[in-house]
Amino acid sequence: MGLPSLHSLDQAQGSRIWLATEATDMRCGFDRLAERVKAVLCQEPLSGHLFVFRSRRGDRLKILVWDRDGFVLWYKRLEAGVFKLPRAGEGTRSVELRASELAMILDGIDVSKLKRVPRYERGARSKRINPINHENKEKIMA
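The sequence shown begins at 96 in our numbering and counts up one residue at a time.
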């Protein structure tokens with residue numbers, strides 16, 4: 096089974112995607128990553144949300160998700176290059192991603208160089224940190 100596609104990510108209604116901003120030991124398996132979800136991300140690992148962890152070098156990603164009756168763990172190692180992840184503010188332990196942003200990261204696109212046109216978003220997701228040009232959000236909205 097390969098990494099999740101954009102279609103499968105979008106089908107996970109109500110699921111959110113959290114990227115841990117600190118590097119994670121890629122030797123961690125299901126249980127240690129679930130503990131990191133609780134301790135570092137302050138989230139519930141059984142929530143059905145996707146939790147993305149990166150290696151220190153940035154060439155590996157693990158995605159942990161609870162799927163009805165057990166954990167699923169996706170693991171990708173690049174043969175060359177690194178994943179270009181969004182920058183987070185100092186002291187920020189996690190960043191919420193959209194399914195499209197995660198798909199772009201997995202496909203080798205540097206999401207920090209993209210410009211998002213501001214649009215209306217209803218509900219709790221409108222209060223999330225936007226990793227694409229989130230530092231310019233106040234300028235755009237003014």
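Note that the Cβ used here is the ideal one computed from N, Cα and C, for glycine as well.
By how many angstroms is the C-alpha of residue j removed from the C-alpha of residue i?
| i | j | result |
| --- | --- | --- |
| SER189 | TYR215 | 23 angstroms |
| GLU196 | VAL206 | 7 angstroms |
| GLU260 | GLU139 | Here the chain comprises residues numbered 96 to 237, so residue 260 is not present and cannot be evaluated. |
| VAL212 | GLY218 | 18 angstroms |
| GLY184 | LEU192 | 15 angstroms |
| ARG163 | ALA134 | 22 angstroms |
| GLU233 | ARG122 | With a pLDDT of only 42 at GLU233, under 50, the local geometry of the prediction cannot be trusted, and no value is derived from it. |
| GLU117 | LYS210 | 24 angstroms |
Do you know whose CA, among the options, lies nearest residue i's CA?
| i | options | result |
| --- | --- | --- |
| ALA169 | ASP120, ARG127, ARG122, LEU156 | It is worth fixing the name first, because residue 169 is Trp in this sequence and not Ala. Looking at the Cα atoms, LEU156 is the closest of the given residues. |
| LYS171 | ARG217, GLY203, GLY186 | GLY203 |
| SER110 | GLU174, TRP161, ALA134 | TRP161 |
| LEU128 | PHE148, GLY184, ALA194, ARG193 | PHE148 |
| PHE125 | ARG182, ARG152, PHE166, LYS210 | PHE166 |
| GLY153 | ASP164, VAL212, LEU180 | LEU180 |
| LYS208 | GLY218, GLU191, ARG182 | ARG182 |
Over what stretch of residues does the alpha helix (DSSP H) that includes residue i continue unbroken?
| i | result |
| --- | --- |
| VAL132 | 125 to 134 |
| GLU139 | Looking at the DSSP string, GLU139 is not in any alpha helix (DSSP H), and its letter there is neither H nor E. |
If we call anything under 8 angstroms between Cβ atoms a contact, is residue i one with residue j?
| i | j | result |
| --- | --- | --- |
| PHE178 | ILE158 | no |
| SER142 | THR119 | no |
| PHE194 | ILE112 | The sequence given here places Ala at residue 194; Phe does not occur at that position. In this structure, ILE112 lies closer than 8 angstroms to ALA194 by Cβ. |
Could you give the C-beta distance for residue i and residue j, rounded to a whole number, given that I count them as a contact under 8 angstroms?
| i | j | result |
| --- | --- | --- |
| ALA115 | LEU136 | 6 angstroms |
Would you give the residue range spanned by the beta strand (DSSP E) that residue i belongs to?
| i | result |
| --- | --- |
| ALA115 | 112 to 118 |
| GLU216 | No beta strand (DSSP E) holds GLU216; DSSP gives it neither H nor E. |
| GLU191 | 189 to 192 |
| LYS171 | 166 to 172 |
| LYS157 | 155 to 161 |
| ARG149 | 145 to 149 |
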